[in-house]
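Just so we're aligned, residue 1 is where the sequence shown starts under the working numbering, counting upward by one.
Each residue gets a CB set at the ideal place from its N, CA and C atoms; glycine is no exception.
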Amino acid sequence: MVLEVFFVTYAPSLNSAGSSRRTPRADQTQAFEDWTKKYGGIFRLWVGNNKAVIILSKPEDLEILLGSNKHIEKADVYNQLHSWIGEGLLTSTGKKWHTRRKLITPSFHFRILDQFVEVFNRNSDILVQKLLLQKDTINVHAFITLCTLD
């Protein structure tokens with residue numbers, strides 16, 4: 001589902017901009033920064049010949065979208081996560097998502113999470129240090145799994 005509440009400007013396709021799997025991540029990041037400057041905080045990016053992706057870069061726009069209980073349809077790429085993490089809160093939609101969200105929301109109240117900030121910081125620092133040691137493209141599955149279990 002595409003939100004129809006904002007104006008979307010055009011941006012070139014990812015492929016025509018020279019980005020690919022072999023393009024260094026820094027170059028891809030620079031391309032997104034350049035496009036944001038040129039096209040604004042919300043723009044359409046064509047990936048391949050027929051896949052349009054809406055890019056949101058302003059926190060206030062992301063807050064509207066992510067804070068919505070109405071716009072929860074997931075992109076097709078989330079289907080690839082089902083074999084790894086199942087159909088939980090992250091990957092489910094509709095009634096299943098809403099039911100699970102209501103169950104889990106009290107667990108994430110800021111007063112409850114405050115007691116875990118030190119643990120979150122310590123473990124995320126460990127994860128970042130491990131990732132910085134990697135020289136090539138990696139599969140982050142093992143790293144994220146270990147971090148999650150810590």
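Beta-carbon proximity check, residue i vs residue j, cutoff 8 Å
| i | j | result |
| --- | --- | --- |
| Ile54 | Ile42 | yes |
| Glu87 | Lys74 | no |
| Ile104 | Leu89 | yes |
Three-state class that DSSP yields for residue i in the structure shown
| i | result |
| --- | --- |
| Leu65 | helix |
| Val140 | coil |
| Lys70 | coil |
| Ala75 | coil |
| Phe110 | helix |
| Gln80 | helix |
| Thr36 | helix |
| Lys96 | helix |
| Gln134 | coil |
For residue j and residue i, the rounded distance between their alpha carbons
| i | j | result |
| --- | --- | --- |
| Asn123 | Ser68 | 30 Å |
| Leu62 | His71 | 12 Å |
| Leu131 | Trp35 | 28 Å |
| Phe110 | Asp150 | 21 Å |
| Lys135 | Glu118 | 29 Å |
Distance cut-off 7 Å: residue i Cβ against heavy atoms of the ligand ZN
| i | result |
| --- | --- |
| Thr145 | The ligand ZN is absent from the structure shown, which contains no ligand whatsoever. |
Contact set for residue i: own chain, Cβ-Cβ below 7 Å, skip 5 residues either direction
| i | result |
| --- | --- |
| Trp127 | Just to set this straight, residue 127 is Leu in the shown sequence, not Trp. So the list reads Phe143, Cys147, once near-sequence residues are dropped. |
| Ser92 | Arg100 |
Beta-ladder partner(s) of residue i, from DSSP
| i | result |
| --- | --- |
| Ala52 | Trp46 |
Neighbourhood of residue i by C-beta distance below 8 Å, restricted to the same chain and skipping five residues each side
| i | result |
| --- | --- |
| Gly94 | Ile72 |
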